[in-house]
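Q:
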């Protein structure tokens, strides 16, 4: 999965960003990088705290999310994507034997996006940007009186645009082993197999 993420990264982004020479250009460049990094953290906190109004502000109207790895999902449009954040479908890639768990039965479900190893690139015209990040997602909650927890990893390739004036997410490409997370897989299905 990492090879695919890095290959896409190299295809999309400039290997070396255009040098910004004036003080104003340098200040804007640093400000843009900081804003993009902040948006990534806002995205993580919004997903974890179910702050869908925050995602409304961060997402472009036509955002697209593509998940690969153990999942196989493509969704387009801000409303559709926020709906899937609120109630994940998590369709498995063909050949992945890990039926989804009914998360509505988990009491006190807590989710934590742990996003790190960020690399941000800004286009020469300062209107597009990309961020490559590794992540872990930790979950904990109770089912039938017992505590359960799980963890999975992946890589994000975020695409941003400033076409509307402010930076917005326009695409999430995600390579994930989500189906391996015991909190997202039905444990009864594994016991029955």
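Numbering (full-length UniProt numbering), first residue to last: 1 to 193. Glycine residues also receive a C-beta, built at the ideal position from the N, C-alpha and C atoms. As the structure is a computational prediction, the values presented were derived from the model and not from experiment.
(1) Give the C-beta separation of residue 52 and residue 86 to the nearest angstrom, bearing in mind that I take them to be a contact with Cβ-Cβ under 8 Å.
(2) Spatial neighbours of residue 76 within its chain, please: CB distance less than 6 Å, with the 5 preceding and 5 following residues excluded, ordered by chain position.
(3) Determine the extent of the beta strand (DSSP E) in which residue 62 is found, giving its start and end residues.
(4) By Cβ distance below 7 Å, which residues in the same chain neighbour residue 81 in space, the five residues on each side in sequence not counted?
(5) Between residue 93 and residue 161, what straight-line distance do the alpha-carbon atoms span, to the nearest angstrom?
(6) So, with DSSP's three-state summary, where would you put residue 23?
(7) Please list the segments of the alpha helix (DSSP H) lying wholly inside the UniProt domain "SnoaL-like" (30-171), counting only runs of 4 or more residues, in order along the chain.
(8) For residue 193, which residues of its own chain have a beta-carbon under 8 Å away from its beta-carbon, when the five flanking residues on both sides are left out?
(9) Since residue 4 is in the alpha helix (DSSP H), which residue starts that stretch and which ends it?
(10) Flag this pair as touching only if the region 115-128 and the region 8-27 have three or more C-beta atom pairs under 8 Å; answer yes or no.
(11) How long is the line joining the alpha carbons of residue 165 and residue 104, rounded to whole angstroms?
(12) List the DSSP bridge partners of residue 173.
(13) Tell me whether residue 179 is buried or exposed, calling it buried when 16 or more other Cβ atoms sit within 10 Å of its Cβ.
(14) Pop quiz: residue 37 and residue 118 are said to be a contact at Cβ under 8 Å. What is the actual Cβ separation, rounded to whole angstroms?
(15) Whole-angstrom Cβ separation of residue 182 and residue 148, contact assumed at under 8 Å?
(16) Are the beta-carbon atoms belonging to residue 1 and residue 159 less than 8 Å from one another?
(17) Applying the 10 Å Cβ sphere with the 16-neighbour rule, what's the burial state of residue 44?
A: On the basis of the coordinates in this document:
(1) 6 Å
(2) 64
(3) 59-69
(4) 59, 63, 65 and 75
(5) 29 Å
(6) helix
(7) 52-58 and 78-86
(8) A caution first: residue 193 carries a pLDDT of 46, below 50, which makes its placement in the model too unreliable to give a value.
(9) 2-12
(10) yes
(11) 38 Å
(12) 66 and 157
(13) buried
(14) 6 Å
(15) 7 Å
(16) no
(17) buried
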